[in-house]
Amino acid sequence: MQYTTKYVSPMGEILLSCDDIGLTGLWFDGEKYYANNLNPEHKEMEHPIFEKVKLWLDVYFLGKEPNFTPPIHMIGSDFRIDVWKILCQISYGKTITYGKIADIIAKKRGLSQMSAQAIGGAVGHNEISIIIPCHRVVGTNGSLTGYAGGIDKKIKLLSLEGINMEKLFIPKRGTEL
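Sequential numbering of the sequence shown, starting at 15, is according to the numbering used here.
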């Protein structure tokens, strides 16, 4: 059984979902893959997991790095979960490129290379945004691409973490990676 609740953040309403294992979804209202893995038979109610998630979000939106991670339950293919686990290792206030993640996955799987576009697909389908920090992934040249919640939210999240935005840029339409 999945459960849902809402969290009102400084960046808008967020839908949270969990099961008895952990958080299964965290979506900004209106984002690209909103509630993509949510079971239609979910139940809206408070759950002890949500208390931990909301506390984490409260700390995060104060501009501080939370010193704990609430329980999460990643639901996806082995490939996507491998990518999401790498996202969990990106330090607060830091970024990584799609290409670097591709290199890590290729090495782990014994391959000579991995497509950065495949990585982008997995990053884009991350169901637990912010806590699994897909907003910290940028293009090779520092471009701010590929955030299902929207580039404006990606910029706000990176700024909240103190990332120097002068080193990053938004590509002109048609030049996205």
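From the three backbone atoms N, C-alpha and C, an ideal C-beta is built for every residue, glycine too.
- When the alpha-carbon of S129 is set against those of D117, C148, Y106, the nearest one is in D117.
- By the criterion of a C-beta distance shorter than 7 angstroms, K170 is surrounded in its chain by M25, once the five residues flanking it on both sides are discounted.
- Fewer than three beta-carbon pairs drawn from the stretch 99-107 and the stretch 47-61 are found closer than 8 angstroms, and the two stretches are therefore not classed as touching.
- The straight-line gap separating the alpha-carbon atoms of C32 and M88 is approximately 10 angstroms.
- For D96, the closest of E79, I119, T83 by C-alpha to C-alpha distance is I119.
- Rounded to the nearest whole angstrom, the C-alpha separation of S105 and I133 is 19 angstroms.
- The beta carbons of L37 and P85 sit closer together than 8 angstroms.
- 8 angstroms or more divides the Cβ of K20 from the Cβ of A162.
- For Y17, no alpha helix (DSSP H) encloses it; the enclosing beta strand (DSSP E) starts and ends at 17-23.
- Per the coordinates, the alpha-carbon of R123 lies some 34 angstroms from the alpha-carbon of L71.
- As computed with DSSP, L30 is found in a beta bridge with T19, L40.
- Straight-line spacing of the CA atoms in L158 and E65 works out to 32 angstroms.
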